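First residue of the sequence shown? That's 126 in the numbering used here, and the numbers climb one at a time after it. For each residue, glycine too, the CB sits at the ideal point set by N, CA and C. This structure is a prediction, so every number in the text was calculated from the model and none was measured. Step one of this worksheet: look at the structure below.
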Amino acid sequence: MRRTRRTQRLAALGLPAIFAALACAAPRSRPPRHDELVQDHLDGDYHAVTYWCPQSLDDPGADPALADWCMYGLPAAMYLSLDSEAAMDFMRSVCLDTPSGQVQGSQEFRVFYVRETVRWIALPLRAQRQESALFRGVQAAVLDFSAACRVDPLVVSAKIDTTIERQRPRQR
């Protein structure tokens, strides 16, 4: 019994401290390039993604590649940083008409969108070699995001690509 209480106290103290440290981490002083933010995401720095992507999406002059990636990377980073409610809200804002709640976009688009977002959940887990979290996380995300976008999770999970492509070194 005593060990259980101690474990609970440590867990209660540990998680808020970790989240507070992440929230207080100083972001870059300049907006990151597309490749830098993707690398931050792959390295598990989801705070950088949740900090910079909203700014990129709100800025009409932002790097188009970065803004495009943020449509998938932002809800993935939210989900991976345990803010699944915000991730689900974001997914619904893309897949559903907000006032009416009716689906928007074709079924093919919504399936693609869920697949690509789940892919950006899987890739950092694979890069960090979190194999058990990869399996469970992808399954949970497919179910959650499929429900948010009103698509069949079996169709979504049929063709998810979670491989990491290595870039070739530049030719000099």
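Checklist entry - Going by the beta-carbon positions, is the gap between Asp222 and Gln232 smaller than 8 Å? => result As a first step, residue 222 is located in the sequence shown; it is residue number 97 there, counting from the start. As a first step, residue 232 is located in the sequence shown; it is residue number 107 there, counting from the start. For Asp222 and Gln232, no; Cβs fall outside 8 Å.
Checklist entry - What does a CB cutoff of less than 7 Å around Gln253 pick up in its chain, not counting 5 residues either side in sequence? => result If you number the sequence shown from 1, residue 253 lands on position 128. Answer for Gln253: Gly169, listed in chain order.
Checklist entry - How far does the alpha helix (DSSP H) with Pro185 in it reach, from first residue to last? => result Taking the sequence shown and counting its residues from 1, the one referred to as residue 185 is at position 60. Careful: Pro185 lies outside any alpha helix (DSSP H) and carries neither H nor E.
Next on the checklist: DSSP three-state label for Val276, please.
Outcome noted: Stepping through the sequence shown from its first residue, residue 276 is reached at position 151. If DSSP states are grouped into helix, strand and coil, Val276 belongs with coil.
Item to check | Phe260, buried or exposed, once every other Cβ within 10 Å from all chains shown has been counted against 16 | outcome: The residue labelled residue 260 in the question sits at position 135 within the sequence shown. Exposed, since its Cβ has fewer than 16 Cβ neighbours within 10 Å.
Checklist entry - From Ala202 to Ile246, what distance separates their C-alpha atoms? => result Against the sequence shown, residue 202 aligns to sequence position 77. Against the sequence shown, residue 246 aligns to sequence position 121. The alpha-carbon atoms of Ala202 and Ile246 are separated by roughly 7 Å.
Checklist entry - Looking at the unbroken alpha helix (DSSP H) that takes in Pro249, where does it start and where does it end? => result Locating residue 249 in the sequence shown gives position 124, where the first residue counts as 1. Pro249 -> alpha helix (DSSP H) spans 232-252.
Item to check | Alpha carbon of Arg158 to alpha carbon of Asp188, nearest angstrom | outcome: Numbered from 1 along the sequence shown, position 33 holds the residue referred to as residue 158. Numbered from 1 along the sequence shown, position 63 holds the residue referred to as residue 188. In a straight line, the C-alpha of Arg158 is about 8 Å away from that of Asp188.
Checklist entry - Can you name, in chain order, every residue of its own chain whose Cβ lies under 6 Å from the Cβ of Tyr197, other than the five neighbours on each side? => result The count along the sequence shown starts at 1 and reaches residue 197 at position 72. Cβ neighbours of Tyr197 beyond the five flanking positions: Glu241, Thr242, Trp245.
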